[in-house]
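Enquirer:
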């Protein structure tokens, strides 16, 4: 009898709870990869309107229908899709979130985990033996810029409050990514002008489009530049407020005092430098992020508050004030004056 045979086989397996645990781990692993693939091929957005298989094949220009059928079957099995009366539709909360108008940061997060973080762990064993760090940022720069907007509600509230309180006239956002915080700052104060800079041309193009879409292109310019290089003629100094949001990890600890000193020299008297970062004070998610950073060429480990404070003081700032932005999460802001 097959049931008895299965029971005998199961009882013969050692450490059954651990084995079952690994099987349970596999399902979220598959779900994450399904979400990334279904987003990238356009399936999730297409299913904002329930559609037949034939309609989807035509809309998405599918050339391997048997492979597409397997993807649809997987989505139904995971509970992310439904099939009723020959029409597929979104069912799972994650799929609905990613397909929504506000879902792009979450889609990018799935892409980042699949394309970036997976590669870090895949390449880790030879790297432990002295292999080179990974050049991950180039291929995933726009994905990382999009996924970082998941933290936007917490950081944006802080930026709006800071701009309202300090009333800066000019703002420099170093490593501006998608341009989201230029936009929030600009909407908080109609007289504020400034500059965003990033070293990735594709990211700058994305930020320019975002800033322009909110009618702020006349007040904020976005340029390709490396803050470590001498300021070009396109960067008009000085600034009342300079921000580094979620990018201090791209600067080695020993170069931060020099970087902070340079930015301090770009400030008006009484101006402020603001650094927003995840700090080394959390559970498995933060530890995994730290491992990813340490494995990436051009990145540094997560900072801790004490070391970052010392680096800011070494750069000449006399007052350093910390604030936690997300309850229960090590997302911190430091205002240095």
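Residue numbers (the numbering used here): 6 to 342. The C-beta atom is built at its ideal place from N, Cα and C for all residues, glycine as well.
If you reduce the DSSP assignment to three classes, tell me which class residue 285 lands in.
Expert: The residue labelled residue 285 in the question sits at position 280 within the chain shown. Correct three-state label for residue 285: coil.
Enquirer: Compute the Euclidean distance between the alpha carbons of residue 302 and residue 129, then round it to the nearest angstrom.
Expert: By one-based count along the chain shown, residue 302 stands at place 297. By one-based count along the chain shown, residue 129 stands at place 124. Residue 302 and residue 129: Cα-Cα distance of roughly 13 Å.
Enquirer: Rounding to the nearest angstrom, what Cα-Cα distance links residue 257 and residue 136 in this structure?
Expert: The sequence position of residue 257 within the chain shown is 252, counting from 1. The sequence position of residue 136 within the chain shown is 131, counting from 1. One C-alpha to the other measures close to 20 Å.
Enquirer: Do residue 277 and residue 251 have their C-beta atoms within less than 8 Å of each other?
Expert: Along the chain shown, read from residue 1 onward, the residue named residue 277 stands at position 272. Along the chain shown, read from residue 1 onward, the residue named residue 251 stands at position 246. No. Outside cutoff.
Enquirer: Given a threshold of 16 other Cβ atoms within 10 Å of its Cβ, counted over all protein chains shown, does residue 199 qualify as buried or as exposed?
Expert: Here residue 199 refers to the residue found at position 194 when the chain shown is read from its first residue. Flag for residue 199 reads buried.
Enquirer: Does the Cβ-Cβ distance between residue 293 and residue 159 come in under 8 Å?
Expert: Taking the first residue of the chain shown as 1, we reach residue 293 at position 288. Taking the first residue of the chain shown as 1, we reach residue 159 at position 154. Result no, Cβ atoms of residue 293 and residue 159 do not sit closer than 8 Å.
Enquirer: Only counting the same chain, and skipping five residues up and downstream in sequence, which positions put a Cβ closer than 8 Å to that of residue 125?
Expert: Translated into positions along the chain shown, residue 125 becomes position 120. So the list reads 139, 141, 296, 297, 300 and 301, once near-sequence residues are dropped.
Enquirer: For residue 254, which three-state DSSP category applies?
Expert: Position 249 of the chain shown, counted from the start, is the residue given in the question as residue 254. Residue 254: helix per DSSP, three-state reduction.
Enquirer: Starting from the C-beta of residue 67, find all residues in its chain whose C-beta is less than 6 Å away, skip the five residues before and the five after it, and write them out in chain order.
Expert: For the purposes of this step, residue 67 is taken as the residue at position 62 of the chain shown. Within the same chain, residue 67 has close Cβ partners 73.
Enquirer: Determine, using beta carbons only, whether residue 338 and residue 253 come nearer to each other than 8 Å.
Expert: As a first step, residue 338 must be located in the chain shown, where it is residue number 333. As a first step, residue 253 must be located in the chain shown, where it is residue number 248. No, Cβ-Cβ distance for residue 338 and residue 253 is not below 8 Å.
Enquirer: Go through the segment 60 to 142 residue by residue and report every complete run of the alpha helix (DSSP H) that reaches 4 residues or more, in order.
Expert: 70 to 83, 98 to 104, 109 to 117, 123 to 127 and 129 to 133
Enquirer: By DSSP, does residue 311 sit in helix, in strand, or in coil?
Expert: Indexing the chain shown from 1 puts residue 311 at position 306. Residue state, collapsed to three classes: helix.
Enquirer: Do residue 104 and residue 344 count as a contact pair if the criterion is CB distance below 8 Å?
Expert: Residue 344 lies beyond the range of the chain shown here (6 to 342); nothing can be said about it.
Enquirer: Can you tell me whether residue 245 is buried or exposed? The criterion is at least 16 other CB atoms within 10 Å of its CB, across all chains shown.
Expert: Within the chain shown, the letter at position 240 stands for residue 245. Counting Cβ neighbours within 10 Å, residue 245 comes out buried, since at least 16 surround it.
Enquirer: Starting from residue 277, follow its DSSP beta bridges and name the residues at the other end.
Expert: Position 272 of the chain shown, counted from the first residue, corresponds to residue 277. For residue 277, which the question treats as bridged, DSSP gives the partners 246.
Enquirer: So residue 317 and residue 284 are in contact, right, with Cβ under 8 Å, and what is the actual spacing, rounded?
Expert: Residue mapping note: residue 317 aligns to position 312 of the chain shown, counting from 1. Residue mapping note: residue 284 aligns to position 279 of the chain shown, counting from 1. Not really, about 14 Å apart at Cβ, beyond 8 Å.
Enquirer: Residue 329 bridges to which residues according to DSSP?
Expert: Locating residue 329 in the chain shown gives position 324, where the first residue counts as 1. DSSP, once it has assigned bridges, lists 337 as partnering residue 329.
Enquirer: Of the residues 272, 194, 261 and 267, which one's Cα is nearest the Cα of residue 242?
Expert: One-based indexing of the chain shown puts residue 242 at position 237. The option with the nearest alpha carbon to residue 242 is 272.
Enquirer: Within 10 Å of its beta-carbon, does residue 21 have 16 or more other beta-carbons around it, so buried, or fewer, so exposed?
Expert: On the chain shown, position 16 is the one that residue 21 refers to. Exposed is the call here.
Enquirer: Use the C-beta contact count for residue 188: other C-beta atoms within 10 angstroms, 16 or more gives buried, fewer gives exposed.
Expert: Position 183 of the chain shown, counted from the first residue, corresponds to residue 188. Buried is the call here.
Enquirer: Assign residue 335 to buried or exposed, taking buried as 16 or more other Cβ atoms, counted over all protein chains shown, within 10 Å of its Cβ.
Expert: Taking the first residue of the chain shown as 1, we reach residue 335 at position 330. Buried is the call here.
Enquirer: In chain order, what are the residue ranges of uninterrupted alpha helix (DSSP H) at least 4 long that sit wholly in the segment 146 to 187?
Expert: 157 to 171
Enquirer: If you draw a straight line from the alpha carbon of residue 85 to that of residue 209, how long is it in whole angstroms?
Expert: Position 80 of the chain shown, counting from 1, holds the residue named residue 85. Position 204 of the chain shown, counting from 1, holds the residue named residue 209. Straight-line Cα distance between these residues: approximately 34 Å.
Enquirer: Are the Cβ atoms of residue 61 and residue 49 separated by less than 8 Å?
Expert: Position 56 of the chain shown holds residue 61. Position 44 of the chain shown holds residue 49. Their beta carbons are not under 8 Å apart, which means residue 61 does not touch residue 49 by this criterion.
Enquirer: CB-CB under 6 Å to residue 319, same chain, minus the five flanking residues each way: which ones, in chain order?
Expert: The count along the chain shown starts at 1 and reaches residue 319 at position 314. Answer for residue 319: 262, listed in chain order.
Enquirer: Nearest CA to the CA of residue 230: which residue from 151, 203 and 224?
Expert: As a working mapping, residue 230 is identified with position 225 in the chain shown. Of the listed residues, the one whose Cα sits closest to residue 230 is 203.
Enquirer: What span of residues does the alpha helix (DSSP H) with residue 264 cover, start to end?
Expert: Within the chain shown, numbered from 1, the residue matching residue 264 stands at position 259. Unbroken alpha helix (DSSP H) run through residue 264: 261 to 270.
Enquirer: Spatial neighbours of residue 206 within its chain, please: CB distance less than 8 Å, with the 5 preceding and 5 following residues excluded, ordered by chain position.
Expert: The residue labelled residue 206 in the question sits at position 201 within the chain shown. Closer than 8 Å at the Cβ level, and outside the excluded window around residue 206, lie 229.
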